[in-house]
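Visitor: Pasting in a structure now, in structure tokens, and then I'll have a few things to ask.
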């Protein structure tokens, strides 16, 4: 892949990760504020289920997009031409642990959801 295309694709996918941060934080802020300030309103029929579904489905949707972007950026690191691969930036990019980044993304999302669901249903 030509270097300019490689950089453009990696830039586009990294922007996707960056734009996913706000909705991810908003989802969990809404859930946590609802748990904290919800009081007896959370006891109404289906409110807890709707809130839990909102948190779980929103988180999974965003985490899938971020995981795909990380996978694409990792694949782009393998497509560098020789000049870029020989540069310091290219060497750092090539040795970045993209698999670990993907695992950490899924793990943090799962742990946050478990904590929210425990707080919501206890």
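In my numbering, the protein residues as written are 2 to 123.
For glycine and all other residues, C-beta sits at the position ideal for the given N, C-alpha and C.
Identify which residue in 73, 29, 111 has its Cα closest to the Cα of residue 94.
Guide: Minimum Cα distance to residue 94 is reached at 73.
Visitor: So the candidates are 29, 6, 12; which of them puts its Cα closest to the Cα of residue 70?
Guide: Among 29, 6, 12, the Cα nearest to that of residue 70 belongs to 12.
Visitor: Kindly give me the distance between the Cβ atoms of residue 53 and residue 118, rounded to whole angstroms, as I take these residues to be in contact under 8 Å.
Guide: Yes, residue 53 and residue 118 are in contact; Cβ-Cβ is about 6 Å, under 8 Å.
Visitor: Give me, in chain order, the residues of the same chain whose beta-carbon lies closer than 8 Å to that of residue 15; leave out the 5 immediate sequence neighbours on both sides.
Guide: Excluding residues within five positions, the ones whose Cβ falls inside 8 Å are 70, 74.
Visitor: Report the rounded CA-to-CA distance for residue 108 versus residue 102, giving the unit in angstroms.
Guide: The straight-line gap from Cα to Cα measures roughly 10 Å.
Visitor: Applying the 10 Å Cβ sphere with the 16-neighbour rule, what's the burial state of residue 112?
Guide: Residue 112 is exposed by the Cβ-count criterion.
Visitor: What residue range does the alpha helix (DSSP H) around residue 82 cover?
Guide: That residue, residue 82, is in no alpha helix (DSSP H); it is neither H nor E in DSSP.
Visitor: Between the stretch 79-99 and the stretch 50-69, do three or more beta carbon pairs fall short of 8 Å?
Guide: No, the stretch 79-99 does not touch the stretch 50-69.
Visitor: Rounded to whole angstroms, what's the CA-CA distance from residue 67 to residue 32? Just pull it up for me.
Guide: Their backbone Cα atoms lie some 21 Å apart in a straight line.
Visitor: Does DSSP put residue 47 in a helix, a strand or coil?
Guide: Coil at residue 47, not helix or strand.
Visitor: Tell me whether residue 119, by its Cβ, gets closer than 7 Å to a heavy atom of the ligand ZN.
Guide: The ligand ZN is not part of this structure, which contains no ligands at all.
Visitor: Run the CB neighbour count on residue 20, radius 10 Å, all protein chains shown included, and call it buried at 16 or more, exposed below.
Guide: Exposed: under 16 other Cβ atoms inside 10 Å.
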